[in-house]
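Asks: First, the structure itself, so that you have it in front of you.
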Amino acid sequence: MTTTLPDPLLEQIAHVQERHTLFPTTAIPHPVVVAVSGGLDSTALLHILLQFAPKWTLDLHIAHVDHGLRPTSAADATFVRHLAAQAARPFHLAQLAGDALRAEPAGLEAAARHARYRALCTIACNVTPPRLVPTLVVAHHAHDQAETLLLRLAQGSGLTGLAAMRPVTLLDDPALTPRPVRVVRPLLTVTRTDLTDYARRHRLTWREDESNADTTRSRNLLRHTVLPVLAQLNPQVVATLARTATLLADEADRLDAHDRQTLQTLTVAEDGVRLLLDLTRLQRLSEGDRRGVLRLALRALSADLRAIGAAQVTLLAAQVMAAHTGSGAHPLAGGLAWSIVTVNQTRCLALHRQEALPIAPDGPWLDAGWRERVGRAPLPVAGEIAVGAWRLTSELSERSALSVDWRRNPDRWRACFDAEAVHALVLRTPRPGDRIAPLGLAGRRKLLGDLFTDARIAPALRPGWPVIEDDASGVLLWVCGIKQAHTARITAQTRRVLVLTWRYTQETG
Numbered sequence: 000m001t002t003t004l005p006d007p008l009l010e011q012i013a014h015v016q017e018r019h020t021l022f023p024t025t026a027i028p029h030p031v032v033v034a035v036s037g038g039l040d041s042t043a044l045l046h047i048l049l050q051f052a053p054k055w056t057l058d059l060h061i062a063h064v065d066h067g068l069r070p071t072s073a074a075d076a077t078f079v080r081h082l083a084a085q086a087a088r089p090f091h092l093a094q095l096a097g098d099a100l101r102a103e104p105a106g107l108e109a110a111a112r113h114a115r116y117r118a119l120c121t122i123a124c125n126v127t128p129p130r131l132v133p134t135l136v137v138a139h140h141a142h143d144q145a146e147t148l149l150l151r152l153a154q155g156s157g158l159t160g161l162a163a164m165r166p167v168t169l170l171d172d173p174a175l176t177p178r179p180v181r182v183v184r185p186l187l188t189v190t191r192t193d194l195t196d197y198a199r200r201h202r203l204t205w206r207e208d209e210s211n212a213d214t215t216r217s218r219n220l221l222r223h224t225v226l227p228v229l230a231q232l233n234p235q236v237v238a239t240l241a242r243t244a245t246l247l248a249d250e251a252d253r254l255d256a257h258d259r260q261t262l263q264t265l266t267v268a269e270d271g272v273r274l275l276l277d278l279t280r281l282q283r284l285s286e287g288d289r290r291g292v293l294r295l296a297l298r299a300l301s302a303d304l305r306a307i308g309a310a311q312v313t314l315l316a317a318q319v320m321a322a323h324t325g326s327g328a329h330p331l332a333g334g335l336a337w338s339i340v341t342v343n344q345t346r347c348l349a350l351h352r353q354e355a356l357p358i359a360p361d362g363p364w365l366d367a368g369w370r371e372r373v374g375r376a377p378l379p380v381a382g383e384i385a386v387g388a389w390r391l392t393s394e395l396s397e398r399s400a401l402s403v404d405w406r407r408n409p410d411r412w413r414a415c416f417d418a419e420a421v422h423a424l425v426l427r428t429p430r431p432g433d434r435i436a437p438l439g440l441a442g443r444r445k446l447l448g449d450l451f452t453d454a455r456i457a458p459a460l461r462p463g464w465p466v467i468e469d470d471a472s473g474v475l476l477w478v479c480g481i482k483q484a485h486t487a488r489i490t491a492q493t494r495r496v497l498v499l500t501w502r503y504t505q506e507t508g
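Residue 0 is where the sequence shown starts when you use numbering that gives the first Met the number 0, and the numbers rise one by one after that.
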C-alpha cells in the first residue's frame, strides 16, 4: 500500500500538518489509532498516513467498529482486517450491539456515533502509554465539514458551533473516553472528488455502505438533496462552505481570546463549583460580549454546552439584565443554576452547580444532608461536634483564666458564657420566627431574619447557618459568627466560663 510517486493530495496533507501540527514530531514512534470503516474516505486516509508514517514517526494502529446494524457489516470488518494485514499494522475490532443502539431514546444516529467514539477512544487509550496523549485519526473531509456547518446553522448554533470541525480537537468527555484523546482530522480541506481521484490513482479498493443512500438520516438528506440544490447556485459550494467554516473558526478563536480576557476582569470568585461575576459590569457589556462571557463562564464549570445550547445562553444573557438581588436559584441545563447575590457590597451573578450554594460559606455551614440526617446535635461540655471540615468545641475554664481583653473578642467564631447560666446545649439551624436577645440590647429580642440582614448574610446561606440553643429553656444563645445572646452573659458574679469555639481543619467529618 505504499508509493514513491509524488502526489498533489500528499502535498496538501503535508501543508495541513505544517499549519496545524496534526502529529507532533517525536523521536520515538507515537501510537496513532486510525478509524477505518472500509469506505472510500477512511481507506484513502489510511493509505495517506502510511506514506507519512516513517517521516512523522507514527506507530499506526487500525481500528474498526462493527455497529451490528447492517447484514454486510461483518464483511466490512473482514475487509479492514485484510487492509491491516497488508500494511503489517495492528488491527483492533470493536463489535457493538445493533439492537441496543436502535433502542436508544436519543435516536439511532446519535447513539451509533456516541458508541463508535466511545469504542475508538477506548482503543486509543489502551494502546497509548499513560505518559502520552492518545491520538485518534478520523476521515472527515470537506463534504462532512459542509454538512456539519449546514446542520448547525439549521439548529441555531452560535459562532463556535458554526466553526464546525477543527483539524485537531481534544476530546475529554468522560462519557466517551477514559482520558483525554486528541482527535485529528487531516482531510477537512479535501473534497470527496479529490479522495476518489487519489484512490483511483493508487488503485485502492473500498467497501460501499448502502445506508449512505438512506435520506431519512439528516446527513444523507443534506448530501443527496440540499447540497445538490446549493451546487446549482455555486458549483464549488462544498469547498466554499468548508472554507467558511475555517474562517468562522478563526473568528471564534479571536473572540474567544477577547471574551476570556473580559471574563477575567469580571470574575469576583471561582472555586470549581461556582463562578461569581460582577453583575453591574456584566450588564454594561454589549449583548454579544455578554453572551460570549457567559458561554465561557459556563464552560469553566465543565458544563455541557451542547446541552445548554446557544439559545439558552442568549436567554440567560437577557435574564440577567432584569435580575434583582436575591433572585435564584434558577435551573439551567447541564446540572447548573444561576442566582443573584451580594458579596462585599458587590452585586454578582453566581453560576453554580444545582446542588451547590451560589456563594461559598466563609464559616461552618450545616448543609441539607446534615439537616435531614441530624437536625439537632447535643453539644456535651468538654466535647466537640464535627461539621464538614469544621469542629465546634466546648470547654470549661475559670473566670480568672480569661484574657484581659476577652470582651473585645477578635474571633467571631468564639463565644464565652456564664457556665452556671446554661444547661444542655444543642446545635441546630434557624427556624421560622426564631428570635434572639442580642448582647448589648438589654434583653430586647430580635428576629434572626433581621439579624441576618443587618449582618449582610446572603439568603442562600441562612437555612444552614449554625445556632446554639439552650435545650432546657429553648433560648437561643449564639447565632454563630454573628451575635451571642444577652442571656448567659458573663457578669461580675461569673465564676466559671463555658467557651464555645469553631475551628477549621483540613479533615472533613
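Each residue gets a CB set at the ideal place from its N, CA and C atoms; glycine is no exception. Values in this document were obtained by computation on a predicted structure and should not be read as measured data.
On the DSSP letters alone, give me the boundaries of the alpha helix (DSSP H) that Q94 sits inside.
Replies: In the sequence shown, the residue the question calls residue 94 occupies position 95. In the DSSP assignment, Q94 falls outside any alpha helix (DSSP H) and lies within the beta strand (DSSP E) extending over F90 to Q94.
Asks: Would you call L246 buried or exposed, if buried means 16 or more other Cβ atoms sit within 10 Å of its Cβ?
Replies: Counting from one through the sequence shown, the residue named residue 246 turns up at place 247. Exposed, since its Cβ has fewer than 16 Cβ neighbours within 10 Å.
Asks: Please report the straight-line C-alpha distance between A105 and V319, rounded to a whole angstrom.
Replies: In the sequence shown, residue 105 corresponds to position 106, counting from 1. In the sequence shown, residue 319 corresponds to position 320, counting from 1. Cα-Cα distance, rounded: 32 Å.
Asks: Let's see if you can read the secondary structure: which residues bound the beta strand (DSSP E) around C479?
Replies: In the sequence shown, residue 479 corresponds to position 480, counting from 1. Careful: C479 lies outside any beta strand (DSSP E) and carries neither H nor E.
Asks: So, is H422 buried or exposed, given that buried needs 16 or more other C-beta atoms within 10 angstroms?
Replies: Numbered from its first residue, the sequence shown carries residue 422 at position 423. Exposed, by the Cβ-count rule.
Asks: So, is Q263 buried or exposed, given that buried needs 16 or more other C-beta atoms within 10 angstroms?
Replies: Residue mapping note: residue 263 aligns to position 264 of the sequence shown, counting from 1. Result: exposed.
Asks: To the nearest angstrom, how far is it from the Cα of P429 to the Cα of T127?
Replies: Here residue 429 refers to the residue found at position 430 of the sequence shown. Here residue 127 refers to the residue found at position 128 of the sequence shown. P429 and T127: Cα-Cα distance of roughly 55 Å.
Asks: Short check: CB of S217 to CB of L150, under 8 Å?
Replies: Numbered from its first residue, the sequence shown carries residue 217 at position 218. Numbered from its first residue, the sequence shown carries residue 150 at position 151. Yes, they are a contact pair.
Asks: Straight-line CA distance for V498 to W464?
Replies: If you number the sequence shown from 1, residue 498 lands on position 499. If you number the sequence shown from 1, residue 464 lands on position 465. About 19 Å.
Asks: Where does R346 land, buried or exposed, given buried means 16+ other C-beta within 10 angstroms?
Replies: Here the question's residue 346 lines up with position 347 in the sequence shown. Answer is buried; the Cβ neighbour count reaches 16.
Asks: Find the nearest neighbour of R290 within the set R280, T500, D258 and I489, judged by alpha-carbon distance.
Replies: Walking along the sequence shown from the start, residue 290 turns up at place 291. Ranking the options by Cα distance to R290, first place goes to D258.
Asks: Is A306 near the ligand ADP, with its Cβ less than 7 Å from a heavy atom?
Replies: Because no ligand of any kind appears in the structure shown, any question about the ligand ADP cannot be addressed here.
Asks: Taking all protein chains shown into account, do 16 or more other C-beta atoms lie within 10 angstroms of the C-beta of K54, making it buried, or fewer, making it exposed?
Replies: For the purposes of this step, residue 54 is taken as residue 55 along the sequence shown, with counting starting at 1. Exposed, because fewer than 16 other Cβ atoms sit within 10 Å of the Cβ of K54.
Asks: Out of S36, L475, F51 and A163, point me to the one whose CA is closest to I435's CA.
Replies: As a working note, residue 435 is residue 436 in the sequence shown. With distances taken between Cα atoms, I435 lies closest to L475.
Asks: Mapping DSSP to helix, strand and coil, what is A457?
Replies: If you number the sequence shown from 1, residue 457 lands on position 458. Three-state DSSP puts A457 in coil, outside helix and strand.
Asks: Straight-line CA distance for A83 to L48?
Replies: Start at 1 with the first residue of the sequence shown, and residue 83 comes out as number 84. Start at 1 with the first residue of the sequence shown, and residue 48 comes out as number 49. Roughly 13 Å between the two C-alpha positions.
Asks: Over what stretch of residues does the alpha helix (DSSP H) that includes L161 continue unbroken?
Replies: As a working mapping, residue 161 is identified with position 162 in the sequence shown. For L161, the enclosing alpha helix (DSSP H) stretches over residues L158 to L161.
Asks: DSSP beta-bridge partners for A76?
Replies: The residue you call residue 76 lines up with position 77 of the sequence shown. DSSP output for A76 lists no bridge partner at all.
Asks: Helix, strand or coil for F22? Go by DSSP, reduced to three states.
Replies: Within the sequence shown, residue 22 is the residue found at index 23, counting from 1. F22 falls in the coil class under three-state DSSP.
Asks: For G37, which residues in the same chain have their Cβ closer than 6 Å to its Cβ, ignoring the five residues on either side in sequence?
Replies: Numbered from 1 along the sequence shown, position 38 holds the residue referred to as residue 37. Within the same chain, D75, F78, V79 and R206 come within 6 Å of G37 by CB-CB distance, once the 5 residues on both sides are set aside.
Asks: With A178 as the anchor, note down where its alpha helix (DSSP H) starts and where it stops.
Replies: Numbered from its first residue, the sequence shown carries residue 178 at position 179. Note that residue 178 is Arg in the sequence shown here, rather than Ala. Neither: R178 is in no alpha helix (DSSP H) and is coded neither H nor E.
Asks: Given 8 Å as the limit, is there contact between the region 144 to 158 and the region 92 to 109, that is, 3 or more CB pairs closer than that?
Replies: no
Asks: Roughly how far, in whole angstroms, is the beta-carbon of A62 from the beta-carbon of V33, given that I think they are within contact range, below 8 Å?
Replies: Working through the sequence shown from its first residue, we reach residue 62 at position 63. Working through the sequence shown from its first residue, we reach residue 33 at position 34. A Cβ-Cβ distance of about 7 Å is found for the pair A62 and V33, placing them in contact under the 8 Å criterion.
Asks: Whole angstroms is fine: what's the gap from L426's alpha carbon to A454's?
Replies: The residue given as residue 426 occupies position 427 in the sequence shown. The residue given as residue 454 occupies position 455 in the sequence shown. L426 and A454: Cα-Cα distance of roughly 20 Å.
Asks: Can you tell me which of the three DSSP states R280 falls into?
Replies: Here the question's residue 280 lines up with position 281 in the sequence shown. Correct three-state label for R280: helix.
Asks: Cβ of L254 within 8 Å of Cβ of L158?
Replies: Taking the first residue of the sequence shown as position 1, residue 254 is located at position 255. Taking the first residue of the sequence shown as position 1, residue 158 is located at position 159. Yes, the Cβ-Cβ distance between L254 and L158 is below 8 Å.
Asks: In chain order, what residues of the same chain lie with their CB nearer than 6 Å to the CB of T392, ignoring the 5 residues before and after it?
Replies: Numbered from its first residue, the sequence shown carries residue 392 at position 393. So the list reads E383 and T500, once near-sequence residues are dropped.
Asks: Where does E397 land, buried or exposed, given buried means 16+ other C-beta within 10 angstroms?
Replies: Against the sequence shown, residue 397 aligns to sequence position 398. Counting Cβ neighbours within 10 Å, E397 comes out exposed, since fewer than 16 surround it.
Asks: How would you write the range of the beta strand (DSSP E) that L426 sits in, first residue to last?
Replies: Stepping through the sequence shown from its first residue, residue 426 is reached at position 427. Segment L424 to R427, the beta strand (DSSP E) holding L426.
Asks: So if DSSP puts P377 in a beta bridge, which residue, or which two residues, is it bridged to?
Replies: On the sequence shown, residue 377 is found 378 positions in, with the first residue counted as 1. Its beta-bridge partners are V425.
Asks: Taking the alpha carbon of H66 as the point to measure from, which residue in F90, A43, Y116 and P28 has its own alpha carbon closest?
Replies: Translated into the one-based positions of the sequence shown, residue 66 becomes position 67. Per the Cα distances, Y116.
Asks: Taking the continuous alpha helix (DSSP H) assigned at T264, which residues delimit it?
Replies: Sequence index remark: in the sequence shown, residue 264 carries index 265 (1-based). Residues V236 to L265.
Asks: Considering only C-alpha positions, which residue in the set G160, L170 and R101 is nearest to T121?
Replies: By 1-based counting over the sequence shown, the position of residue 121 is 122. Selected option, being the one with the closest Cα: L170.
Asks: Mark S72 as exposed unless 16 or more other C-beta atoms lie within 10 angstroms of its C-beta, in which case mark it buried.
Replies: In the sequence shown, counting from the first residue as 1, residue 72 sits at position 73. S72 is buried by the Cβ-count criterion.
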